[in-house]
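One structure is given below, encoded as structure tokens.
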Amino acid sequence: MRKTATIISLGIVIILFVACAMLIHPFGQPPADMDDYIIDNAQTETGANNVVTSVVFDYRGYDTLGEATILFTAVTAVMMLFRATKEETIQ
Amino acid sequence: MTKSLFNIPFLAIAALVCISLYIIITQRNLIKLVMGIVILESAVNFFLVSLGYRSGGAAPIFTNVPQKLMVLPVPQALTLTSIVIGVSVTALMLSMIILIYRHSGNIDSEKSRKLKG
Amino acid sequence: MSKIVRTITNLFTPFIFMFGLYVIVHGHITPGGGFQGGAVFASGVALLIVAFNSATVQRYLKEHHLSTIESSGALMFIGLAFAGIAITFFCNVLVGSSIFGQIPPEGSNPGFIWTAGVIPLMNIAVGLKVIAGLSAIVLVMALSSSNVRIEE
Chain A
0 MRKTATIISL GIVIILFVAC AMLIHPFGQP PADMDDYIID NAQTETGANN VVTSVVFDYR
60 GYDTLGEATI LFTAVTAVMM LFRATKEETI Q
Chain B
0 MTKSLFNIPF LAIAALVCIS LYIIITQRNL IKLVMGIVIL ESAVNFFLVS LGYRSGGAAP
60 IFTNVPQKLM VLPVPQALTL TSIVIGVSVT ALMLSMIILI YRHSGNIDSE KSRKLKG
Chain C
0 MSKIVRTITN LFTPFIFMFG LYVIVHGHIT PGGGFQGGAV FASGVALLIV AFNSATVQRY
60 LKEHHLSTIE SSGALMFIGL AFAGIAITFF CNVLVGSSIF GQIPPEGSNP GFIWTAGVIP
120 LMNIAVGLKV IAGLSAIVLV MALSSSNVRI EE
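Going down the list, the sequences are from chains A, B and C.
With numbering that gives the first Met the number 0 applied, the first sequence covers 0 to 90.
With numbering that gives the first Met the number 0 applied, the second sequence covers 0 to 116.
With numbering that gives the first Met the number 0 applied, the third sequence covers 0 to 151.
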């Protein structure tokens, strides 16, 4: 019962994914209006040679702020999981 | 909408996602389950980078670049964020597996299901 | 670990740390930046933990010092984001001014370091954060599986 349900649902998922993979734009010719503006104006507006760094820290800096928060939360959670509890210190 | 039958990178990503979904559904060992989730994260990062490729383009960095045509830079910036999120989630999952093993002695997901005191 | 592994680790670790700091500081000229260079530095710390005992590394690198470095990196990043609050939230105020403010010529050029405004300082802040965070994760997980008590 469990095996047939697994096989049927995975079959539906495979068919849907392959149909979507054929409907996306042809590989190598993406629609690129925003990125053409960024490539043409990144050197004069931000002054950096590296366009990816200027996108990460200047044009989309808010996403980097969210990512730094996620990293901080993960480190705090790992250090909280591994601390010595009260019954281990009394013995 | 232009259709094309031989988008080979996107078909490879569809295969990776289906393999990882099969691993997550059917495996019982917890470490193999974490490996399936990591394969899913890698497939999504690969998809983001391959969406922004222009044929014959160079890397989007102006230091000593040999030509004018460049690849799109915005999907690469989004992939950086996604990789860091994947590392954080993997670290938390592995820490919880260490604690489950200390508490109940085995890492089979069928045997360590019932909540004990 | 054996004598050969410890000798090679003693030889290689300064070069790994120096390469990680180079990738962080030159983030606005060459490929790289804060996150990539921080990951290289943290993998050097992981090599030290594997070659020597994790208790030996913990004597020199305590967790509350790492926590202080990570918090100061995060505060420096938020302070730089608020520096241009007169115009907008993440404004690049140092382009065109004296400290980091040259503008490179158009098109292909060999890179100049003193360009790009606030971006090299943000790279250093994020690099400190990633170094301290990833080293703390690897150190705590290695200590807990060798039955050593972890101080708070």
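Beta carbons: idealized from backbone N, C-alpha and C, even for Gly.
Check	Outcome
Reduced DSSP category for Gln26 (chain B) - H, G, I as helix; E, B as strand; rest coil	coil
Three-state secondary structure assigned by DSSP to Ile98 (chain C)	coil
Contact under 9 Å by Cβ, His27 (chain C) with Thr87 (chain C)	no
Secondary structure of Ile23 (chain A), DSSP reduced to three states	coil
Alpha helix (DSSP H) segment containing Glu105 (chain C), residue limits	Counting along the chain, Glu105 (chain C) falls outside any alpha helix (DSSP H), and DSSP gives it neither H nor E.
Best match in A:Met79, A:Ala47, A:Phe81 and A:Tyr36 for proximity to Phe99 (chain C) [C-alpha to C-alpha]	A:Ala47
Simplified DSSP assignment, three categories, for Thr52 (chain A)	helix
Closer than 9 Å to chain B by CB, Thr46 (chain A)	Reading the sequence as shown, one finds Gly at residue 46 (chain A) and not Thr. Judged by the 9 Å Cβ criterion, Gly46 (chain A) is not in contact with chain B.
Three CB pairs or more closer than 8 Å across the segment 20 to 40 of chain C and the segment 111 to 127 of chain C	yes
The segment 82 to 96 of chain B in contact with the segment 17 to 36 of chain B per 3-pair CB rule at 8 Å	yes
9 Å Cβ cutoff, Arg59 (chain A) in contact with chain B	yes
Beta-carbon proximity check, Ala41 (chain C) vs Val137 (chain C), cutoff 9 Å	yes
Interface flag, Phe89 (chain C) vs chain A, CB-CB below 9 Å	yes
Range of the contiguous alpha helix (DSSP H) that encloses Tyr100 (chain B)	Val73 to Ser103
Paired residues, beta bridge with Asp107 (chain B) - DSSP	B:Asn28
Alpha helix (DSSP H) segment containing Thr72 (chain A), residue limits	Gly60 to Leu80
Within chain C, partners of Phe45 (chain B) - CB distance below 8 Å	Within chain C, no residue comes near Phe45 (chain B); the closest Cβ sits about 18 Å away, beyond 8 Å.
Contact set between Met92 (chain B) and chain A, taken where Cβ atoms lie within less than 7 Å	None at all; the shortest Cβ gap to chain A is about 11 Å.
Interface flag, Leu98 (chain B) vs chain A, CB-CB below 9 Å	yes
Touch test, the segment 100 to 109 of chain C against the segment 58 to 66 of chain B, Cβ-Cβ under 8 Å, three pairs minimum	yes
Met0 (chain B) burial status per 10 Å Cβ neighbour count (16 or more: buried)	Because the pLDDT at Met0 (chain B) is just 49, under 50, the model does not fix this residue reliably, and the value given afterwards should be weighed accordingly. Met0 (chain B) comes out exposed.
Minimum Cβ-Cβ distance from Ala31 (chain A) to chain C less than 9 Å	no
Nearest candidate by alpha-carbon position, reference Pro119 (chain C), set C:His63, C:Gly32, C:Val39 and C:Phe11	C:Gly32
C-alpha gap between Thr29 (chain C) and Asn49 (chain A), whole angstroms	7 Å
Test: Val17 (chain A) CB closer than 9 Å to a CB of chain C	no
Below-9 Å beta-carbon distance, Ala73 (chain A) vs any chain B residue	yes
Contacts that Phe26 (chain A) makes with chain C (C-beta to C-beta distance below 9 Å)	None at all; the shortest Cβ gap to chain C is about 23 Å.
Span separating the alpha-carbon of Ile130 (chain C) from that of Ile15 (chain C)	13 Å
Buried or exposed (CB count within 10 angstroms, at least 16 for buried), Thr91 (chain A)	No statement about residue 91 (chain A) is possible, as the shown extent of chain A runs from 0 to 90 and does not include it.
Nearest neighbour of Ile18 (chain B), chosen from A:Ala18, A:Thr5 and A:Pro25 [CA to CA]	A:Thr5
Touching by the beta-carbon criterion (3+ pairs, under 8 Å), the segment 59 to 73 of chain A and the segment 73 to 86 of chain B	yes
Delimiting residues of the alpha helix (DSSP H) encompassing Ile77 (chain C)	Glu62 to Ala80
Interfacial residues, the segment 14 to 41 of chain C to chain B, with Cβ spacing under 7 Å	Ile28, Thr29, Pro30 and Phe34
Beta-bridge partners of Met140 (chain C), as assigned by DSSP	Beta-bridge pairing links Met140 (chain C) to no other residue.
Beta-carbon proximity of Leu127 (chain C) to Gly72 (chain C), cut-off 9 Å	yes
For Thr114 (chain C), three-class secondary structure by DSSP	strand
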